[in-house]
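**Q** The structure's right below; bear with me while I get my questions together.
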Amino acid sequence: MAAGAPRVFVSHLAGVPVFDPNGDQVGRVRDLVAMLRVGGRAPRLLGLVVEVLSRRRIFLPMTRVTGIESGQVITTGVVNMRRFEQRPTERLVLGEFLDRRVRLVETGEEVTVLDVSIQQLPARRDWEIDKYFVRKGKGGALRRKGETLTVEWSAVSGFSLEEVGQGAETLVATFERLRPTDVANALHHLSPKRRAEVAAALDDDRLADVLEELPEDDQVEIIGKLKEERAADVLEAMDPDDAADLLSELPEEDKERLLTLMRPDDAADVRRLMSYEERTAGGLMTTEPIILRPDATVADALARVRQADLSPALAAQVYVCRSPDETPTGKYLGTVHFQRLLRDPPYALVSSIVDSDLVPLAPDTSLPAVTSYLAAYNLVSAPVVDESGSLLGAVTVDDVLDHLLPEDWRETDFHSEERVAGGR
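Converting from the sequence shown to my numbering requires adding 8 to each position, the first position being numbered 1.
Have a look at this one:
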């Protein structure tokens, strides 16, 4: 839903079909999952509970929803079929919000929640609950008497953690505003028991981001305390190179069991990365850079670069290859840097502006050589190509820095460093 689009009332979503990008029905919406927050912030919508054709109920994150319109939900097509299990930090909107007795903040009058509206935040993929449709007076939704009105989320009490939350739920909501690096730093200093509670309460994507920023010992501890199916889901959500590094620290039996539970395509990427020496281009690279075919346009490239979940290093350039356009690709043709995309018209083909002058890295290139390559050519990312000319992935500067810094660098309190630097 674009910014400024009409809000959607959740009662209108109950039972609507969910389709993948090809128009095939995935299932139907049975509920919505929200998280209460601290600091006077509106509840955040995490995703949908979808009943698939086998009658299994699964969780569909809002990050996988590309549109809610005309009585249907459109997804990216990437759906995890693991059965939905509600976590302590989560609330079911249809099941727990509707018919709930709450109070108006201004008057203290008790009202009944009849419906809830959601809206996507401008320029972001996050969704929030923005309004409540309520009825004054006693009685539930079936009662006909009493004035009805639509109020802002802030006009109703009873939907914030200051009022109802305790324990890990409040801590997770507090962490929501922090960057993954800062959450990781906070988790590192918790007790093992508390760390496990918070990790269990985080959603898969958030936990994956945080795990990537934790020391290896913490990663192994946390992944080992998760149920195996969920551990596999979190590994799928991690960048393949980070997942490979984590799995390499596990006993062989545990590693193989988790790889077997992962989706075959994701597991194949991780296995390929694990076949390379750690401190080489092959061991450092990610297998998911932006890859385009020669007939793609500048507009196509910019649309890919704008994806919110890309790191700045990966968004800095696109790699042009012949089909197939997933690693390992067809013949690698060259790179187009982001600045070049901004200088050329949207209809221009990327094949007409490709930079093919730089020799790509081989997968066995050593870490010092990779570092020198990035520094010499002022790059934040570089292609890794095999002997046959196929693109295997890309090495980014953040992964190089990970291996150059001291092992305990993640334990640095960056906020303290900033205060020292600022003279405070």
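A virtual CB, placed ideally from N, CA and C, is assigned to each residue, including glycine.
Where does the unbroken alpha helix (DSSP H) through Pro200 begin, and where does it stop?
**A** Where Pro200 is concerned, the enclosing alpha helix (DSSP H) stretches over 200–209.
**Q** Could you check which residue in Leu129, Leu53, Asp190, Ile298 has the C-alpha nearest to that of Thr97?
**A** Nearest C-alpha to Thr97: Leu53.
**Q** Report the residue ranges of all beta strand (DSSP E) runs contained in full by the stretch 377–423; include only those spanning at least 3 residues, in chain order.
**A** Whole beta strand (DSSP E) segments, 3+ residues: 389–393, 399–404.
**Q** In this structure, does DSSP put Leu150 in helix, strand or coil?
**A** Here the model assigns Leu150 a pLDDT of 48, short of 50, so the residue's position is not dependable, and the following value carries that caveat. Correct three-state label for Leu150: coil.
**Q** For the beta strand (DSSP E) containing Arg108, list its first residue and its last residue.
**A** Unbroken run through Arg108: none, as it is neither H nor E.
**Q** Which first and last residues belong to the alpha helix (DSSP H) in which His345 is found?
**A** Here His345 belongs to no alpha helix (DSSP H); instead the beta strand (DSSP E) covers 340–345.
**Q** If you check the beta carbons only, do Val101 and Val121 fall under 7 Å apart?
**A** Not in contact: Val101 and Val121 (Cβ atoms no closer than 7 Å).
**Q** Classify Lys235 as helix, strand or coil using the three-state DSSP reduction.
**A** Reduced to three states, the DSSP call for Lys235 is coil.
**Q** Determine the extent of the alpha helix (DSSP H) in which Gly291 is found, giving its start and end residues.
**A** Run containing Gly291: 289–292, per the alpha helix (DSSP H) assignment.
**Q** I think Leu400 touches Met293, with their Cβ atoms under 8 Å apart; what is that distance to the nearest whole Å?
**A** Yes, Leu400 and Met293 are in contact; Cβ-Cβ is about 7 Å, under 8 Å.
**Q** By Cβ distance below 7 Å, which residues in the same chain neighbour Pro353 in space, the five residues on each side in sequence not counted?
**A** Result list for Pro353: Val306, in chain order.
**Q** Quick one: Cα of Glu93 to Cα of Glu286, how far?
**A** Those two C-alpha atoms are separated by around 36 Å.
**Q** Between the beta-carbon of Ser125 and the beta-carbon of Lys139, is there less than 7 Å?
**A** Yes, these two residues count as a Cβ contact at 7 Å.
**Q** What is the residue span of the alpha helix (DSSP H) that Pro25 lies within?
**A** Element bounds for Pro25: not the alpha helix (DSSP H) but the beta strand (DSSP E), 25–27.
**Q** Out of curiosity, what's the CA-to-CA distance linking Val26 and Thr373?
**A** Answer to the nearest angstrom: the Cα atoms are 46 Å apart.
**Q** Take Ala42 as the anchor and find which of Glu118, Ser319, Ile137, Ala311 has the nearest alpha-carbon.
**A** When each option's Cα is compared against that of Ala42, the closest is Ile137.
**Q** Quick one: Cα of Ser359 to Cα of Asp303, how far?
**A** Going by the C-alpha atoms only, they are around 7 Å apart.
**Q** Is the distance from the Cβ of Ala216 to the Cβ of Ala245 below 7 Å?
**A** In this structure, Ala245 lies closer than 7 Å to Ala216 by Cβ.
**Q** When you compare the CB positions of Val37 and Leu21, do they come within less than 7 Å of one another, or not?
**A** In contact: Val37 and Leu21 (Cβ atoms closer than 7 Å).
**Q** Along the chain, where does the beta strand (DSSP E) containing Arg143 start, and where does it finish?
**A** Arg143 -> beta strand (DSSP E) spans 135–144.
**Q** In whole angstroms, what is the alpha-carbon distance linking Ser396 and Lys339?
**A** Between Ser396 and Lys339, the C-alpha separation is close to 8 Å.
**Q** Per the contact definition of three or more C-beta pairs closer than 8 Å, is the stretch 102–116 in contact with the stretch 65–81?
**A** Not touching, per the Cβ criterion.
**Q** Is it right to say Thr404 is buried, meaning 16 or more other beta carbons lie within 10 angstroms of its own, or is it exposed?
**A** Label assigned to Thr404: buried.
**Q** By DSSP's criteria, Phe8 is part of a beta bridge. Which residues make up the other side?
**A** For residue 8 there is no data in the structure shown, the boundaries of the chain being 9 and 432.
**Q** If I follow the unbroken alpha helix (DSSP H) through Val313, where does it start and stop?
**A** Per DSSP, Val313 belongs to the alpha helix (DSSP H) from 306–313.
**Q** Under a Cβ-count criterion, where at least 16 other Cβ atoms within 10 Å of its own Cβ denotes burial, should Gln347 be classed as buried or exposed?
**A** Gln347 comes out exposed.
**Q** Which stretch, first to last residue, makes up the alpha helix (DSSP H) that contains Ala323?
**A** Per DSSP, Ala323 belongs to the alpha helix (DSSP H) from 320–323.
**Q** What residue does the alpha helix (DSSP H) around Pro188 start on, and which one ends it?
**A** Counting along the chain, the alpha helix (DSSP H) containing Pro188 begins and ends at 188–196.
**Q** Going straight from the alpha carbon of Leu195 to that of Leu61, what length do you get?
**A** Each residue's Cα considered, the two are about 39 Å apart.
**Q** Could you work out which residue in Ala383, Tyr385, Pro51 is closest to Phe167 when comparing CA atoms only?
**A** Of the candidates Ala383, Tyr385, Pro51, the one whose C-alpha sits nearest the C-alpha of Phe167 is Pro51.
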